[in-house]
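Enquirer:
The following block contains the structure:
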């Protein structure tokens with residue numbers, strides 16, 4: 001005889017999980033819920049119970065971190081994209097209200113609404129960010145109506161309004177952290193976000209090089225810049241800025257390969273941008289003006305993508321030529337390949353590795369360099385060797401010589 005799940009019976013199981021006093025008890029309760037949640041009728045009751053638990057939770061009376069972790073873990077496991085339609089109890093009549101609540105589209109909408117209720121609960125900042133990041137990692141695909149129910153929480157973090165431009169406003173690192181979630185809502189939820197590319201461009205400040213979410217953001221940026229609807233000037237500004245960042249003194253080796261690859265992909269996917277490495281690739285460019293220009297016409301202004309786009313198209317990726325002399329052969333080799341993109345006519349899609357692979361390669365290179373550096377430093381410490389004193393370069397003045405300089 002099949003067991004018919006009810007709201008009350010499911011609520012008891014959920015409370016056993018959320019209120020467990022030990023990790024072992026919580027794990028056992030979670031396993032029981034997960035085994036039963038593969039059934040449509042049980043999952044429908046579980047979502048309703050979970051919504052009620054979120055609404056009733058008082059953060060002044062519970063361990064917020066433990067409650068959040070357990071709710072988030074459960075939400076991430078509910079309604080997988082290829083969930084089979086099976087019932088634990090008897091299947092309800094086809095046209096009954098109960099059957100309507102247990103249809104898969106209805107359940108997926110309920111799942112989205114449950115996430116929305118969690119986000120509007122007033123979570124601490126770190127937990128809110130963790131939830132928004134989790135949404136972008138395989139959760140949006142399971143939901144419906146995400147643009148209406150979830151987008152307001154994402155866009156406020158990604159592009160805070162001017163009224164929030166205070167010390168309490170979300171940091172740029174937060175904006176980079178939620179870029180993947182926003183990407184999923186745009187692609188799968190149909191969100192139209194006018195300030196998308198200006199905001200992405202504003203996030204290319206030097207603090208990106210030390211941002212915790214830099215790799216995640218760069219990988220997402222490559223997808224954003226693959227759109228055929230982005231103006232060539234804007235794409236050129238992105239490519240120019242990405243390559244420019246690799247010359248910043250604090251640029252880690254781990255990020256140089258992915259930064260260069262995203263810039264190169266702009267040239268590969270959008271032929272107009274190849275004028276940055278081969279002016280002949282765009283015969284309509286104002287060559288006369290270029291010949292009389294002094295200095296680089298491109299200057300990064302985080303809040304003026306439109307003007308920067310004009311300057312970028314008149315500029316070139318001269319930074320790539322500098323990188324051909326980089327100390328690491330992987331970087332110098334990639335720089336040479338980028339400079340050759342303008343002359344490529346076939347097979348451009350397979351010219352460079354994927355950004356994800358370049359991120360992994362960059363981390364491996366960084367690990368090797370760090371390990372080698374530590375070995376050399378340990379040898380110097382054991383031998384008490386001193387670095388030689390180098391004479392100042394011609395034309396440079398040392399700090400202790402400033403007093404001798406006459407005005």
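Residue numbers (the UniProt record's numbering): 1 to 407. Just so you know, even glycine gets a beta-carbon here, dropped at the ideal spot from N, CA and C. Remember, predicted model here, so these are calculated numbers, not experimental data.
1. Could you check if residue 368 is buried or exposed, using at least 16 other CB atoms within 10 Å of its CB as the buried criterion?
2. Just to confirm my understanding: we take residue 348, look at its own chain, exclude 5 residues before and 5 after, and list those with CB closer than 6 Å. What are they?
3. Taking residue 335 and residue 326 to be in contact with their CB atoms under 8 Å, please state how far apart those CB atoms are, rounded to whole angstroms.
4. Is the separation between the beta-carbon of residue 176 and that of residue 216 shorter than 9 Å?
5. Pick helix, strand or coil for residue 211, following the three-state DSSP scheme.
6. Please classify residue 384: is it buried, with 16 or more other beta-carbons within 10 angstroms of its beta-carbon, or exposed?
7. With a 10 Å radius around its C-beta and 16 neighbouring C-beta atoms as the bar for buried, classify residue 32 as buried or exposed.
8. Tell me the DSSP secondary structure of residue 384 in three-state form.
9. Taking the beta carbon of residue 18 as the centre, do at least 16 other beta carbons fall within 10 Å, making it buried, or is it exposed?
10. Secondary structure at residue 168, three-state DSSP: helix, strand or coil?
11. Could you name the residues of the same chain whose beta carbon sits closer than 6 Å to that of residue 130, not counting the 5 residues immediately before and after it, in chain order?
12. Could you check what DSSP says for residue 348 in three-state terms: helix, strand or coil?
13. Residue 132 and residue 108: beta carbons closer than 9 Å?
14. Using a threshold of 9 Å, state whether the C-beta atoms of residue 139 and residue 182 are closer than that.
15. For the structure I just gave you, are there three or more beta carbon pairs, one from the stretch 209-229 and one from the stretch 296-315, closer than 8 Å?
16. Pull up the distance between the alpha-carbon of residue 236 and that of residue 136, whole angstroms please.
17. Where residue 238 and residue 90 are concerned, what is the direct C-alpha to C-alpha distance, given to the nearest angstrom?
18. Going by CA-CA distance only, name the one from 271, 260 and 273 that's closest to residue 337.
19. Which one of 96, 29, 295 and 271 has the shortest CA to CA distance from residue 71?
20. Inspect the CB distances between the stretch 151-159 and the stretch 190-200 and report whether three or more fall short of 8 Å.
21. Which parts of the stretch 58-87 are runs of the alpha helix (DSSP H), unbroken and 4 residues or longer, counting only runs that do not cross its ends?
22. Apart from the five residues just before and just after residue 256, which ones in its own chain have a Cβ nearer than 7 Å to its Cβ?
23. Nearest by alpha-carbon distance to residue 81: which of 47, 142 and 372 is it?
24. Excluding the 5 residues flanking residue 20 on each side, which residues of the same chain have their C-beta closer than 6 Å to its C-beta?
25. Taking the straight line between their C-alpha atoms, what separation do you get for residue 120 and residue 203?
26. Under a three-way DSSP split, which group does residue 363 fall into?
27. What ranges does the alpha helix (DSSP H) occupy inside the stretch 91-117, keeping only unbroken runs of at least 4 residues that lie completely in it?
28. So, using beta-carbon positions, are residue 53 and residue 14 closer together than 9 Å?
29. In terms of residues, what are the limits of the alpha helix (DSSP H) holding residue 244?
30. Can the beta-carbon of residue 243 be found closer than 9 Å to that of residue 214?
31. Kindly indicate which three-state DSSP category residue 143 falls into: helix, strand or coil?
32. Please list the terminal residues of the continuous alpha helix (DSSP H) segment that includes residue 152.
33. Find the nearest neighbour of residue 34 within the set 184, 46 and 382, judged by alpha-carbon distance.
34. Considering only residues of the same chain and omitting the five flanking positions on each side of residue 188, which have a CB-CB separation below 6 Å?
35. Counting contacts by CB-CB distance shorter than 9 Å, is residue 211 in contact with chain B?
36. Nearest by alpha-carbon distance to residue 63: which of 317, 389 and 22 is it?
Expert: Quick answer:
1. exposed
2. Any reading at residue 348 needs caution, since the residue's pLDDT is 48, under 50, leaving its predicted position unreliable; the model's value is listed next. These residues qualify, in order along the chain: 268.
3. 7 Å
4. yes
5. coil
6. exposed
7. exposed
8. coil
9. buried
10. Residue confidence for residue 168 is low, a pLDDT of 44 falling below 50, so the modelled location carries little weight and cannot support an answer.
11. none
12. Legend: pLDDT at residue 348 = 48, less than 50; position of this residue unreliable, value from coordinates given subsequently. Helix.
13. no
14. no
15. no
16. 28 Å
17. 57 Å
18. 260
19. 29
20. yes
21. 64-77
22. 246, 331 and 362
23. 142
24. 26 and 29
25. 26 Å
26. helix
27. 97-101
28. yes
29. 232-245
30. no
31. coil
32. 151-158
33. 46
34. 140
35. Looking for chain B here will not work: only one protein chain is present.
36. 22
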